[in-house]
Amino acid sequence: MKKEMWKSSAEKLKSVRWLAVMAIFLALRIVVSRFSIPVGVNLYFSFDFLINAICGMVLGPTAGIVFAVVEDIMSYMLFPDGYGFFAGYTMTAALGILCYAVCMYDQKQSVLKIAIAKAVSSFGINVMLGSYWTYVLTGGSKAYLYYAGKSLFKNAVLYPFQVLAIVLLVNLLIPYLSRHHFIKAQKSPMSFIA
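Residue numbers (our numbering): 11 to 204.
Laid out in structure tokens, this is it:
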């Protein structure tokens, strides 16, 4: 990762305009995450991955991580769950935004970059790390591989649809985001490999 990427993203934390954008993303993320479909113990389907992808693309790594930490804490404060606050999930949220930021921030968008970001987020973070947190929070009542297997199945089934949804949304937003200088100017539709 380029040092400039972190620096330009950190500068957004000093701008009232960007803080307002982050607040809008924060409200969207909290609202969208409330509409989820449970598919197992601590396992659900939601459309919040779309907000994460756009946040990573627009905010970058530094501001994106701050956004993820604030969002996770606020979500817990507004809608506490049965497990109590758990910092592992805050770290998972920050790493998820970081995946999108590394692949999509301050660069030309492509289907391949989105697919890579979503793969790392889904399989590296959600399956491996998220399953571990569930294992820890449930007191090891079932084996880690039990939770990882369920999460792997869910993420593998949803992966192509989620990548397609992100690609469609990004293509739809590129003209607006470029015109209003939220991202570097680029044309839509995006290429497969940038």
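Every residue, glycine too, gets a C-beta built ideally from N, C-alpha and C.
Nothing here was measured: the structure is a model prediction, and the numbers come from that model.
CB contact below 8 Å: residue i versus chain D
i      : result
Val112 : Any reference to chain D falls outside this structure, which holds one protein chain only.
Beta-carbon contacts of residue i that lie in its chain and below 6 Å, excluding the five residues immediately before and after
i      : result
Ala20  : Thr72
Tyr86  : Phe95
Pro48  : Tyr54
Leu187 : Ile193
Glu81  : Leu36, Arg39
Leu179 : Leu60
Met32  : Phe77
Neighbour-count burial assignment, residue i, 16 or more Cβ in a 10 Å radius
i      : result
Leu69  : buried
Ile34  : exposed
Lys128 : buried
Phe77  : buried
Leu88  : exposed
Ser25  : exposed
Ala30  : exposed
Val287 : The chain is shown only over 11 to 204; residue 287 falls outside these bounds and no answer can be derived.
Leu182 : exposed
Val167 : exposed
Residue span of the alpha helix (DSSP H) that contains residue i, given as start and end
i      : result
Ser18  : 13 to 21
Ile124 : 121 to 129
Pro170 : 154 to 189
Thr144 : 141 to 147
Ile107 : 97 to 114
Same chain, Cβ closer than 8 Å to residue i, neighbours up to 5 away in sequence not counted
i      : result
Phe45  : Ser56, Phe57
Asn165 : Ser132, Phe133, Asn136, Val137
Sequence-distant residues of the same chain with beta carbon closer than 7 Å to residue i, five excluded per side
i      : result
Ala195 : Ser188
Ser161 : Leu53, Asn136, Val137, Gly140, Ser141
Pro199 : Asn181
Do the segment 154 to 162 and the segment 171 to 178 make contact, defined as three or more Cβ pairs closer than 8 Å? no
Complete alpha helix (DSSP H) runs within the segment 19 to 78 (minimum length 4 residues, chain order): 26 to 44
Are the segment 110 to 122 and the segment 138 to 152 touching by the rule of at least three beta carbon pairs closer than 8 Å? no
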